[in-house]
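Remarks on the structure that follows.
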Amino acid sequence: MKSFGLIFVLYEPSGAFLENLAKARVGCANVVAVDNSPEIDSSLHANLQKQGIQVLPNRNEGGLAGAYNKGAEVLLARPCDVIFLLDQDSDIDASFFADMMQATIGLGTDTFLLGPKIFEIKLQKCMPVILPGKPFPKPFHIDYQTTGLFPTMCIISSGAAISSTAYRKLGAFREDYFIEYIDIEYSLRAVSQNVPVYVNAAVTLRQSNGNIERRGKLFSTHHAAWRRYYVSRNMVHCLNLYRSYSGLHWVSGLMAIQQGLLVLWFDSKKLEKVTAIACGYLDGVLGRLGTFERQHPYIASFCKRSGRKRIAIEDSSSLMATGSKS
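Per the numbering used here, numbering of the sequence shown is gapless, rising by one per residue and ending at 468.
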(Lines of atoms letter the chains of each structure in order from A and count residues from 1; the text may use other names and numbers.)
(Lines give C-alpha, C1' and ligand atoms only; values in the text may rest on other atoms or scores of the structure.)
Protein backbone atom coordinates (compact mmCIF):
# COMPACT_ATOMS: atom_id res chain seq x y z
CA MET A 1 0.00 0.00 0.00
CA LYS A 2 1.34 3.40 -0.94
CA SER A 3 1.99 5.85 1.87
CA PHE A 4 0.39 9.29 1.78
CA GLY A 5 0.39 12.53 3.70
CA LEU A 6 -1.64 15.72 3.86
CA ILE A 7 -0.74 19.41 3.72
CA PHE A 8 -3.59 21.32 5.39
CA VAL A 9 -3.37 25.11 5.06
CA LEU A 10 -4.76 27.34 7.80
CA TYR A 11 -5.47 31.07 7.89
CA GLU A 12 -6.94 32.45 11.12
CA PRO A 13 -9.16 29.35 11.22
CA SER A 14 -12.67 29.43 12.63
CA GLY A 15 -14.14 26.56 14.64
CA ALA A 16 -15.75 25.17 11.49
CA PHE A 17 -12.41 25.16 9.67
CA LEU A 18 -10.76 23.34 12.57
CA GLU A 19 -13.53 20.76 12.35
CA ASN A 20 -12.55 20.24 8.71
CA LEU A 21 -8.99 19.61 9.87
CA ALA A 22 -10.18 17.13 12.52
CA LYS A 23 -12.25 15.32 9.89
CA ALA A 24 -9.25 15.11 7.57
CA ARG A 25 -7.05 13.87 10.44
CA VAL A 26 -9.32 10.85 10.86
CA GLY A 27 -8.67 9.74 7.30
CA CYS A 28 -4.98 10.65 7.19
CA ALA A 29 -2.61 10.20 10.13
CA ASN A 30 0.32 11.91 8.42
CA VAL A 31 -0.75 15.58 8.55
CA VAL A 32 1.28 18.77 8.29
CA ALA A 33 -0.71 21.91 9.09
CA VAL A 34 0.84 25.02 7.54
CA ASP A 35 -0.44 28.15 9.29
CA ASN A 36 -0.47 31.16 6.98
CA SER A 37 -1.97 33.45 9.62
CA PRO A 38 -0.07 36.73 10.11
CA GLU A 39 0.11 36.16 13.87
CA ILE A 40 1.00 32.93 15.62
CA ASP A 41 -1.69 31.44 17.86
CA SER A 42 0.47 29.52 20.33
CA SER A 43 -2.45 27.83 22.08
CA LEU A 44 -3.88 26.60 18.77
CA HIS A 45 -0.52 25.25 17.67
CA ALA A 46 0.01 23.50 21.00
CA ASN A 47 -3.43 21.91 20.78
CA LEU A 48 -2.83 20.65 17.25
CA GLN A 49 0.57 19.27 18.19
CA LYS A 50 -1.04 17.32 21.05
CA GLN A 51 -3.20 15.66 18.40
CA GLY A 52 -0.10 14.50 16.56
CA ILE A 53 -0.27 17.20 13.88
CA GLN A 54 2.97 18.95 12.95
CA VAL A 55 2.42 22.70 12.63
CA LEU A 56 4.54 24.96 10.44
CA PRO A 57 4.11 28.74 10.93
CA ASN A 58 4.49 30.39 7.52
CA ARG A 59 2.94 33.88 7.99
CA ASN A 60 1.71 33.79 4.39
CA GLU A 61 5.24 33.83 2.96
CA GLY A 62 4.84 33.00 -0.71
CA GLY A 63 1.06 32.92 -0.24
CA LEU A 64 -0.80 29.66 -0.73
CA ALA A 65 1.99 28.39 -2.98
CA GLY A 66 4.52 28.98 -0.23
CA ALA A 67 2.41 27.02 2.25
CA TYR A 68 2.19 24.05 -0.10
CA ASN A 69 5.92 24.11 -0.75
CA LYS A 70 6.78 24.26 2.96
CA GLY A 71 4.52 21.31 3.67
CA ALA A 72 5.87 19.31 0.74
CA GLU A 73 9.42 19.69 2.03
CA VAL A 74 8.37 18.02 5.28
CA LEU A 75 6.36 15.21 3.70
CA LEU A 76 9.03 14.38 1.12
CA ALA A 77 11.52 13.91 3.95
CA ARG A 78 9.27 11.12 5.24
CA PRO A 79 8.10 7.91 3.57
CA CYS A 80 5.34 9.53 1.49
CA ASP A 81 4.36 8.34 -1.98
CA VAL A 82 1.39 10.69 -2.45
CA ILE A 83 0.96 14.26 -1.22
CA PHE A 84 -2.58 15.55 -0.66
CA LEU A 85 -3.38 19.27 -0.53
CA LEU A 86 -6.35 20.63 1.38
CA ASP A 87 -7.53 24.12 2.25
CA GLN A 88 -9.38 24.84 5.46
CA ASP A 89 -12.71 25.68 3.78
CA SER A 90 -12.91 22.36 1.90
CA ASP A 91 -15.32 19.67 3.10
CA ILE A 92 -14.60 16.00 2.43
CA ASP A 93 -16.22 12.65 3.23
CA ALA A 94 -14.71 10.14 5.64
CA SER A 95 -13.73 7.86 2.75
CA PHE A 96 -12.02 10.64 0.76
CA PHE A 97 -8.40 9.53 1.17
CA ALA A 98 -9.12 5.81 0.84
CA ASP A 99 -11.14 6.33 -2.33
CA MET A 100 -8.55 8.65 -3.86
CA MET A 101 -5.73 6.26 -3.06
CA GLN A 102 -7.71 3.39 -4.56
CA ALA A 103 -8.09 5.41 -7.76
CA THR A 104 -4.32 5.91 -8.04
CA ILE A 105 -3.93 2.18 -8.56
CA GLY A 106 -5.90 2.38 -11.80
CA LEU A 107 -3.67 5.07 -13.25
CA GLY A 108 -0.95 2.59 -14.14
CA THR A 109 1.85 5.03 -13.27
CA ASP A 110 3.52 6.42 -10.16
CA THR A 111 3.84 9.90 -11.71
CA PHE A 112 0.51 11.77 -11.73
CA LEU A 113 -1.78 14.56 -10.57
CA LEU A 114 -5.25 13.47 -9.49
CA GLY A 115 -8.10 15.69 -8.33
CA PRO A 116 -11.58 14.98 -6.96
CA LYS A 117 -14.83 16.24 -8.45
CA ILE A 118 -15.37 19.77 -7.08
CA PHE A 119 -18.89 20.73 -6.00
CA GLU A 120 -19.41 24.48 -5.69
CA ILE A 121 -21.85 24.81 -2.80
CA LYS A 122 -23.29 28.24 -3.58
CA LEU A 123 -23.69 27.49 -7.28
CA GLN A 124 -24.99 23.98 -6.58
CA LYS A 125 -23.03 22.44 -9.41
CA CYS A 126 -19.72 20.77 -10.15
CA MET A 127 -16.80 22.35 -11.92
CA PRO A 128 -16.37 20.94 -15.41
CA VAL A 129 -13.40 18.95 -16.59
CA ILE A 130 -11.33 20.72 -19.26
CA LEU A 131 -10.70 18.00 -21.81
CA PRO A 132 -7.21 18.11 -23.34
CA GLY A 133 -7.01 19.14 -26.95
CA LYS A 134 -5.96 21.96 -29.24
CA PRO A 135 -6.69 24.55 -30.34
CA PHE A 136 -9.85 24.85 -28.26
CA PRO A 137 -10.00 22.70 -25.09
CA LYS A 138 -13.64 22.05 -24.28
CA PRO A 139 -15.31 21.77 -20.86
CA PHE A 140 -17.02 18.49 -20.05
CA HIS A 141 -19.64 18.54 -17.29
CA ILE A 142 -19.36 15.67 -14.82
CA ASP A 143 -22.14 16.57 -12.34
CA TYR A 144 -23.86 13.24 -12.87
CA GLN A 145 -20.74 11.13 -13.35
CA THR A 146 -20.12 8.95 -10.29
CA THR A 147 -17.31 6.73 -11.54
CA GLY A 148 -14.32 6.98 -13.81
CA LEU A 149 -11.06 8.85 -14.22
CA PHE A 150 -11.26 11.74 -16.68
CA PRO A 151 -8.15 13.27 -18.27
CA THR A 152 -8.12 17.04 -17.89
CA MET A 153 -6.00 20.10 -18.57
CA CYS A 154 -6.17 21.23 -14.97
CA ILE A 155 -7.30 20.46 -11.44
CA ILE A 156 -7.65 22.80 -8.48
CA SER A 157 -5.17 22.48 -5.66
CA SER A 158 -7.52 21.70 -2.76
CA GLY A 159 -8.14 17.96 -2.68
CA ALA A 160 -5.40 17.25 -5.21
CA ALA A 161 -3.23 14.17 -4.91
CA ILE A 162 0.30 14.65 -6.27
CA SER A 163 2.61 11.68 -6.43
CA SER A 164 6.00 12.28 -4.88
CA THR A 165 7.67 11.38 -8.17
CA ALA A 166 5.53 13.98 -9.97
CA TYR A 167 6.39 16.68 -7.42
CA ARG A 168 10.09 15.93 -7.67
CA LYS A 169 9.88 16.02 -11.47
CA LEU A 170 7.77 19.20 -11.71
CA GLY A 171 9.28 21.08 -8.79
CA ALA A 172 7.67 23.53 -6.38
CA PHE A 173 4.57 25.66 -6.86
CA ARG A 174 5.24 29.17 -8.16
CA GLU A 175 5.40 31.48 -5.17
CA ASP A 176 5.53 34.54 -7.44
CA TYR A 177 1.93 33.66 -8.37
CA PHE A 178 1.11 33.92 -4.65
CA ILE A 179 -2.47 32.58 -4.65
CA GLU A 180 -4.21 32.66 -8.03
CA TYR A 181 -3.60 30.20 -10.87
CA ILE A 182 -0.96 28.29 -8.92
CA ASP A 183 -2.90 25.08 -9.51
CA ILE A 184 -3.62 25.84 -13.17
CA GLU A 185 0.05 26.62 -13.81
CA TYR A 186 1.11 23.43 -12.02
CA SER A 187 -1.37 21.34 -14.01
CA LEU A 188 -0.26 22.83 -17.32
CA ARG A 189 3.36 22.34 -16.28
CA ALA A 190 2.50 18.67 -15.76
CA VAL A 191 0.82 18.43 -19.16
CA SER A 192 3.85 20.05 -20.80
CA GLN A 193 6.11 17.40 -19.24
CA ASN A 194 3.84 14.44 -20.06
CA VAL A 195 2.67 13.94 -16.48
CA PRO A 196 -0.96 12.75 -16.62
CA VAL A 197 -3.65 14.86 -14.93
CA TYR A 198 -7.00 13.29 -14.02
CA VAL A 199 -10.22 14.00 -12.17
CA ASN A 200 -11.73 11.17 -10.13
CA ALA A 201 -15.51 11.40 -10.58
CA ALA A 202 -16.11 8.91 -7.76
CA VAL A 203 -14.90 11.36 -5.08
CA THR A 204 -16.45 14.75 -4.33
CA LEU A 205 -14.98 17.71 -2.47
CA ARG A 206 -17.38 20.49 -1.44
CA GLN A 207 -16.32 24.11 -1.25
CA SER A 208 -17.38 27.68 -1.91
CA ASN A 209 -15.11 30.15 -3.66
CA GLY A 210 -15.84 33.55 -2.21
CA ASN A 211 -19.05 35.39 -1.37
CA ILE A 212 -20.83 34.31 -4.53
CA GLU A 213 -23.79 36.31 -5.81
CA ARG A 214 -25.64 34.95 -8.80
CA ARG A 215 -27.92 36.56 -11.38
CA GLY A 216 -29.10 34.10 -13.98
CA LYS A 217 -26.10 32.35 -15.50
CA LEU A 218 -23.66 35.04 -14.35
CA PHE A 219 -22.15 35.47 -10.91
CA SER A 220 -19.46 37.26 -8.95
CA THR A 221 -17.28 36.03 -6.11
CA HIS A 222 -16.93 39.59 -4.74
CA HIS A 223 -13.20 39.06 -4.32
CA ALA A 224 -11.21 42.08 -3.15
CA ALA A 225 -9.29 44.26 -5.60
CA TRP A 226 -5.88 42.83 -4.63
CA ARG A 227 -7.09 39.34 -5.45
CA ARG A 228 -8.57 40.37 -8.77
CA TYR A 229 -5.14 41.76 -9.63
CA TYR A 230 -3.60 38.30 -9.17
CA VAL A 231 -6.41 36.58 -11.11
CA SER A 232 -5.95 38.88 -14.09
CA ARG A 233 -2.16 38.92 -14.08
CA ASN A 234 -1.56 35.24 -13.45
CA MET A 235 -4.24 34.19 -15.94
CA VAL A 236 -2.55 36.09 -18.77
CA HIS A 237 0.96 35.03 -17.77
CA CYS A 238 0.09 31.37 -17.27
CA LEU A 239 -1.93 30.88 -20.45
CA ASN A 240 0.74 32.61 -22.53
CA LEU A 241 3.47 30.57 -20.86
CA TYR A 242 1.81 27.31 -21.92
CA ARG A 243 0.29 28.48 -25.18
CA SER A 244 1.82 25.47 -26.94
CA TYR A 245 -0.24 23.14 -24.74
CA SER A 246 -3.43 25.13 -24.25
CA GLY A 247 -5.43 27.00 -26.86
CA LEU A 248 -6.85 29.45 -24.33
CA HIS A 249 -4.12 32.11 -24.40
CA TRP A 250 -5.91 34.10 -27.07
CA VAL A 251 -9.05 34.54 -24.90
CA SER A 252 -7.22 35.85 -21.81
CA GLY A 253 -7.98 39.44 -22.81
CA LEU A 254 -11.66 38.61 -23.21
CA MET A 255 -11.70 36.93 -19.80
CA ALA A 256 -10.11 40.02 -18.22
CA ILE A 257 -12.80 42.18 -19.82
CA GLN A 258 -15.42 39.76 -18.51
CA GLN A 259 -14.01 40.17 -15.01
CA GLY A 260 -14.31 43.93 -15.29
CA LEU A 261 -17.89 43.77 -16.57
CA LEU A 262 -18.92 41.45 -13.73
CA VAL A 263 -17.37 43.85 -11.23
CA LEU A 264 -19.29 46.77 -12.74
CA TRP A 265 -22.53 44.81 -12.58
CA PHE A 266 -22.20 43.09 -9.21
CA ASP A 267 -19.53 44.56 -6.97
CA SER A 268 -18.86 47.51 -4.73
CA LYS A 269 -15.47 49.33 -4.92
CA LYS A 270 -15.77 49.17 -8.69
CA LEU A 271 -13.01 51.65 -9.50
CA GLU A 272 -10.46 49.90 -7.29
CA LYS A 273 -11.28 46.47 -8.70
CA VAL A 274 -11.32 47.51 -12.36
CA THR A 275 -8.01 49.32 -11.82
CA ALA A 276 -6.54 46.17 -10.27
CA ILE A 277 -7.76 44.02 -13.17
CA ALA A 278 -6.30 46.37 -15.79
CA CYS A 279 -3.01 46.65 -13.92
CA GLY A 280 -2.83 42.87 -13.51
CA TYR A 281 -3.50 42.28 -17.19
CA LEU A 282 -0.72 44.64 -18.24
CA ASP A 283 1.73 43.05 -15.80
CA GLY A 284 0.78 39.60 -17.09
CA VAL A 285 1.46 40.61 -20.68
CA LEU A 286 4.83 42.13 -19.71
CA GLY A 287 5.78 39.22 -17.44
CA ARG A 288 6.05 41.32 -14.27
CA LEU A 289 5.48 39.05 -11.28
CA GLY A 290 5.88 39.30 -7.51
CA THR A 291 3.52 40.79 -4.95
CA PHE A 292 1.07 43.54 -5.90
CA GLU A 293 2.49 45.79 -3.18
CA ARG A 294 6.06 45.41 -4.37
CA GLN A 295 5.27 45.87 -8.06
CA HIS A 296 2.90 48.82 -7.63
CA PRO A 297 2.94 50.25 -4.11
CA TYR A 298 0.85 53.33 -4.95
CA ILE A 299 -1.75 51.50 -7.04
CA ALA A 300 -1.97 48.73 -4.43
CA SER A 301 -2.50 51.33 -1.72
CA PHE A 302 -5.25 52.96 -3.80
CA CYS A 303 -6.95 49.61 -4.39
CA LYS A 304 -6.92 48.90 -0.64
CA ARG A 305 -7.96 52.39 0.45
CA SER A 306 -11.33 51.23 1.80
CA GLY A 307 -9.66 48.68 4.00
CA ARG A 308 -8.25 45.30 3.08
CA LYS A 309 -10.05 42.21 4.22
CA ARG A 310 -7.91 39.43 5.56
CA ILE A 311 -6.44 37.09 2.99
CA ALA A 312 -8.48 33.90 2.80
CA ILE A 313 -6.44 30.98 1.51
CA GLU A 314 -9.34 29.35 -0.21
CA ASP A 315 -8.05 27.67 -3.29
CA SER A 316 -8.26 29.53 -6.48
CA SER A 317 -10.80 28.10 -8.82
CA SER A 318 -9.89 30.10 -11.84
CA LEU A 319 -11.76 31.20 -14.92
CA MET A 320 -10.18 28.39 -16.88
CA ALA A 321 -11.39 25.76 -14.42
CA THR A 322 -14.91 27.10 -13.93
CA GLY A 323 -15.81 29.07 -17.00
CA SER A 324 -16.25 32.31 -14.98
CA LYS A 325 -15.14 32.01 -11.40
CA SER A 326 -13.89 35.43 -10.45
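We put the CB at the ideal spot given by N, CA and C, even for glycine.
None of the values given here were measured: they were computed from a predicted structure.
The DSSP assignment places 157 to 169 and 184 to 192 as complete runs of the alpha helix (DSSP H) inside the stretch 145 to 204, in order along the chain (cut-off: 4 residues).
If only complete runs of 3 or more residues are kept, the stretch 221 to 296 shows the beta strand (DSSP E) at 224 to 229, 255 to 262, 271 to 273, 280 to 282 and 291 to 293, in order along the chain. Phe361 carries a strand assignment under DSSP once its states are collapsed to helix, strand and coil. Under the three-state reduction of DSSP, Ser388 is assigned to coil, being neither helix nor strand. Buried is the label assigned to Thr246, since at least 16 other Cβ atoms lie within 10 Å of its Cβ. Gly205 and Ile149 do not touch by the CB rule: their CB atoms are close to 14 angstroms apart, not below 8 angstroms. Short of 7 angstroms from the beta carbon of Lys280, and not among the five residues preceding or following it, lie these beta carbons of its own chain, in chain order: Leu273. In the DSSP assignment, Leu347 is bridged to Ile260. In this structure, Tyr423 and Val378 form a Cβ contact; the two beta carbons are roughly 6 angstroms apart against a cut-off of 8 angstroms. By the Cβ test, the stretch 386 to 398 is not in contact with the stretch 346 to 355, since fewer than three Cβ pairs between them sit closer than 8 angstroms. Here Tyr210 carries a helix assignment [DSSP, helix/strand/coil]. Beta-bridge pairing by DSSP links Glu355 to Ser362.
Pairing Thr307 with Thr253 gives a Cβ-Cβ distance under 8 angstroms.
When Leu198, Ala398, Leu217 and Val173 are compared, the shortest CA-CA separation from Ser179 is found for Leu198.
For Gln401, the number of other beta carbons within 10 angstroms of its own is at least 16, and it is reported as buried. Pairing Ala207 with Ser300, the inter-Cα distance amounts to about 12 angstroms.
The C-beta separation of Asp285 from Lys267 comes to about 6 angstroms, placing the pair in contact by the 8 angstroms criterion. The criterion of a C-beta distance shorter than 8 angstroms is not satisfied by Met242 and Lys144. By the Cβ test, the stretch 213 to 224 is not in contact with the stretch 328 to 342, since fewer than three Cβ pairs between them sit closer than 8 angstroms.
DSSP, read as helix, strand or coil, puts Tyr328 in helix. Pairing Glu327 with Cys380, the inter-Cα distance amounts to about 6 angstroms. The beta carbon of Glu355 sits closer than 8 angstroms to those of Phe361, Ser362, His364 and Phe408, all from its chain and outside the five residues before and after it, given in chain order. The continuous beta strand (DSSP E) containing Ala303 extends over residues Ala303 to Ser305.
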